[in-house]
Amino acid sequence: MKFLLLALALVAFASAEVFFSEEFSDESWEGRWVKSTNKGSDAGEFIVTPGEFYKDAVADRGLKTNEDYRFYQISAKFEPFSNKDKTLVFQFSAKHEQNLDCGGGYFKLLPAGVDQEDFNGDTDYFIMFGPDICGSSTKRVHAILNYKGENHLIKKDIPAPKDVFTHVYTLILRPDQTFEVLVDNESVRSGNLVDEWDFLPPKEIKDPNVSKPDDWVDAKFIDDPEDSKPDGWDDIEEFIADPDAEQPEDWDEELDGEWEPPMIENPEFQGEWKPKQIKNPEYKGPWEHPLIDNPEYSHDDSIYAFENIGTVGLEVWQVKAGTIFDNILVTDDVELAAQWADRALDSAAAEKELKEKADEEQRQRDEEERARMMEEMEEEEDFEEEEFGHDEL
Numbered sequence: 002m003k004f005l006l007l008a009l010a011l012v013a014f015a016s017a018e019v020f021f022s023e024e025f026s027d028e029s030w031e032g033r034w035v036k037s038t039n040k041g042s043d044a045g046e047f048i049v050t051p052g053e054f055y056k057d058a059v060a061d062r063g064l065k066t067n068e069d070y071r072f073y074q075i076s077a078k079f080e081p082f083s084n085k086d087k088t089l090v091f092q093f094s095a096k097h098e099q100n101l102d103c104g105g106g107y108f109k110l111l112p113a114g115v116d117q118e119d120f121n122g123d124t125d126y127f128i129m130f131g132p133d134i135c136g137s138s139t140k141r142v143h144a145i146l147n148y149k150g151e152n153h154l155i156k157k158d159i160p161a162p163k164d165v166f167t168h169v170y171t172l173i174l175r176p177d178q179t180f181e182v183l184v185d186n187e188s189v190r191s192g193n194l195v196d197e198w199d200f201l202p203p204k205e206i207k208d209p210n211v212s213k214p215d216d217w218v219d220a221k222f223i224d225d226p227e228d229s230k231p232d233g234w235d236d237i238e239e240f241i242a243d244p245d246a247e248q249p250e251d252w253d254e255e256l257d258g259e260w261e262p263p264m265i266e267n268p269e270f271q272g273e274w275k276p277k278q279i280k281n282p283e284y285k286g287p288w289e290h291p292l293i294d295n296p297e298y299s300h301d302d303s304i305y306a307f308e309n310i311g312t313v314g315l316e317v318w319q320v321k322a323g324t325i326f327d328n329i330l331v332t333d334d335v336e337l338a339a340q341w342a343d344r345a346l347d348s349a350a351a352e353k354e355l356k357e358k359a360d361e362e363q364r365q366r367d368e369e370e371r372a373r374m375m376e377e378m379e380e381e382e383d384f385e386e387e388e389f390g391h392d393e394l
């Protein structure tokens with residue numbers, strides 16, 4: 002039995018594929034990626050760098066957006082494949098070192114044969130996935146899938162982290178039409194594609210040939226026909242003269258006019274009269290529209306599958322540049338993706354440690370500078386007092 006399990010494990014490992022991977026660890030990346038010229042002078046420049054804080058200067062290198070208020074469009078092609086009958090894992094890391102205030106940080110999986118030099122926001126794609134941040138209201142992870150030529154956004158927002166450290170974003174699509182989104186190797190959303198996206202029309206619709214009967218009573222309560230408005234109800238004023246107010250002693254009617262007491266709310270005023278409510282003896286309950294099978298509905302068990310996947314691309318606009326993208330992986334191996342994520346998160350832990358150290362050192366320098374300035378101010382005050390004393394003599 003152990004040998005059988007081992008054999009099955011080896012077969013599974015052997016069948017796992019990496020369709021595309023990129024770590025920007027050397028200059029060879031330039032031969033794989035093509036920068037689009039679609040935006041002309043509005044296109045931003047990329048550089049490759051580990052950023053300000055990192056664990057390894059080479060291993061942590063990534064593709065950084067380097068100019069504010071620019072479009073960033075770049076793509077790489079690979080051997081086309083289909084994810085039919087297999088798991089698809091799309092993963093990358095993003096570090097908003099500039100503390101991104103408004104801009105995208107998502108990648109796209111596209112068909113083979115994309116015109117890479119003209120790659121732009123209108124280029125057809127299969128998947129758009131990753132963080133999108135703008136102000137305090139938009140901090141979400143986009144998960145958009147194309148189905149029959151239309152792009153569908155996941156119905157419920159997935160929150161995205163907003164800080165200056167590396168985070169790993171993972172999308173998993175499975176042949177059983179389930180999905181999972183992970184941020185930093187932690188599951189943040191999972192379920193069925195049909196339930197979480199509006200790919201298909203509803204299975205049932207309201208019967209268009211049926212409407213609520215004219216005599217249907219859905220008012221649960223009615224006015225009590227035996228209740229009547231009390232006599233004098235409408236004679237009570239909402240405001241009355243304040244009975245405790247007194248004319249000021251210095252009031253001059255010739256100069257000030259006739260004195261009138263201020264008005265106050267009438268404690269006896271009860272507002273508009275309304276009859277009591279009683280249960281409606283004719284009440285039938287809420288009317289429910291009968292449903293019928295939707296003739297436009299057709300089950301599809303291949304929503305998860307895309308044919309001819311062959312390009313990965315970054316296509317974003319950023320107000321404030323400085324995001325570093327890295328660790329891009331397209332595979333059918335969930336375990337391998339988890340290992341890549343763990344490695345990136347190990348670097349993220351080092352980033353946090355180094356930044357905390359740098360922040361503490363800066364805090365100490367700031368305190369020393371404040372102390373120095375206070376000392377100089379005190380010395381100046383002492384000098385001025387001494388000079389003033391000499392002048393007095």
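Quick note: the sequence shown uses the working numbering, first residue 2, plus one each step.
All C-beta atoms in this analysis are idealised placements derived from N, C-alpha and C, irrespective of residue type, glycine included.
Quantities reported herein were computed from a predicted structural model and do not represent experimental measurements.
Same chain, Cβ closer than 7 Å to residue i, five either side skipped, listed in chain order
i, result
"Thr-139", "Asp-133"
"Ala-60", "Ser-26"
"Val-12", "Model confidence at Val-12 stands at a pLDDT of 46, short of 50, so the residue's coordinates are unreliable; what they give is reported in the following sentence. Hits under 7 Å: none found."
"Ile-293", "Glu-205, Ile-206, Asp-208"
"Val-320", "Asp-69, Tyr-70, Asp-102, Cys-103, Gly-104"
"Glu-24", "Asp-327, Asn-328"
"Glu-283", "Val-218"
"Glu-202", "One detail in the question is off: residue 202 reads as Pro in this sequence, not Glu. So the list reads Asn-295, Glu-297, Tyr-298, once near-sequence residues are dropped."
"Asp-343", "Asn-186"
"Lys-230", "Trp-274"
Those residues which DSSP pairs with residue i across a bridge
i, result
"Arg-373", "BP columns for Arg-373 are empty, so no partner."
"His-97", "Thr-324"
"Arg-141", "Asp-133, Pro-160"
"Ser-76", "Val-35, Gly-314"
"Ser-22", "Leu-330"
"Glu-266", "Phe-240"
"Ile-279", "Ile-223"
"His-153", "Leu-146"
"Leu-337", "Partner(s): none; Leu-337 has no beta bridge."
"Gln-271", "Its beta-bridge partners do not exist; DSSP assigns none."
"Gln-92", "Thr-171, Leu-330"
"Ala-396", "Only positions 2 to 394 of the chain appear in this structure, which leaves residue 396 out of reach."
"Gln-319", "Arg-71, Gly-104"
"Phe-82", "Ile-310"
Inter-residue CB distance, residue i and residue j (contact presumed, cutoff 8 Å)
i, j, result
"Ile-285", "Val-218", "Sequence inspection shows Lys at residue 285; the Ile mentioned does not correspond to that position. Right, their Cβ atoms sit about 5 Å apart."
"Asn-295", "Lys-204", "6 Å"
"Tyr-305", "Gln-178", "5 Å"
"Ser-303", "Lys-78", "Going by Cβ atoms, the distance from Ser-303 to Lys-78 rounds to 24 Å, so no, they are not a contact pair."
"Thr-167", "Ala-345", "6 Å"
"Phe-72", "Trp-318", "5 Å"
"Lys-36", "Ile-75", "5 Å"
"Thr-88", "Arg-175", "5 Å"
"Val-90", "Thr-332", "5 Å"
"Gly-122", "Glu-381", "60 Å between Cβ atoms; not a contact."
"Phe-127", "Asn-147", "5 Å"
"Pro-291", "Val-184", "Rounded, the Cβ-Cβ distance is 43 Å, inconsistent with contact."
"Phe-240", "Glu-266", "6 Å"
"Val-313", "Leu-110", "6 Å"
Endpoints, the beta strand (DSSP E) within which residue i is located
i, result
"Leu-111", "108-112"
"Glu-205", "205-207"
"Leu-183", "179-184"
"Val-115", "From DSSP, Val-115 is part of no beta strand (DSSP E); its letter is neither H nor E."
"Val-169", "167-174"
"Val-218", "Counting along the chain, Val-218 falls outside any beta strand (DSSP E), and DSSP gives it neither H nor E."
"Thr-66", "63-66"
"Tyr-293", "The amino acid at residue 293 is misidentified as Tyr; the sequence shows Ile. Run containing Ile-293: 292-294, per the beta strand (DSSP E) assignment."
"Ile-304", "Looking at the DSSP string, Ile-304 is not in any beta strand (DSSP E), and its letter there is neither H nor E."
"Gly-47", "The sequence given here has Phe at residue 47, not Gly. Per DSSP, Phe-47 belongs to the beta strand (DSSP E) from 47-50."
"Gly-104", "103-105"
Cut-off 8 Å between Cβ atoms - residues of its own chain near residue i, not counting five sequence neighbours on either side
i, result
"Glu-254", "Trp-260"
"Gly-131", "Phe-93, Ala-95, Gly-105, Gly-106, Tyr-107, Phe-108, Val-142, His-143, Tyr-170"
"Asp-199", "His-153, Lys-156"
"Pro-160", "Lys-140, Arg-141, Val-142, Val-189"
"Gln-99", "Val-165, Lys-321, Ala-322, Gly-323, Thr-324"
Own chain, CB closer than 6 Å to residue i, minus 5 neighbours either side, in chain order
i, result
"Ser-395", "The chain is shown from 2 up to 394; residue 395 falls before or after that span and cannot be answered."
"Thr-38", "Glu-118"
"Lys-275", "none"
"Asp-158", "Arg-141"
"Asp-224", "Pro-276"
Opening and closing residue of the alpha helix (DSSP H) in which residue i lies
i, result
"Glu-187", "Careful: Glu-187 lies outside any alpha helix (DSSP H), inside the beta strand (DSSP E) at 187-193."
"Asp-257", "254-257"
Validate contact between the segment 50-68 and the segment 348-362 using beta carbons, cut 8 Å, 3 pairs = yes
Would you call the segment 297-312 and the segment 114-133 in contact, with 3 or more CB pairs under 8 Å?
-> yes
Touching or not, the segment 330-339 and the segment 236-250, by the rule of three or more beta carbon pairs under 8 Å?
-> no
State whether the segment 40-51 contacts the segment 16-24, with contact taken as three or more CB pairs (one from each stretch) at a distance under 8 Å.
-> no
Answer yes if the segment 229-237 comes into contact with the segment 317-332, meaning at least three C-beta pairs across the two stretches below 8 Å, and no otherwise.
-> no
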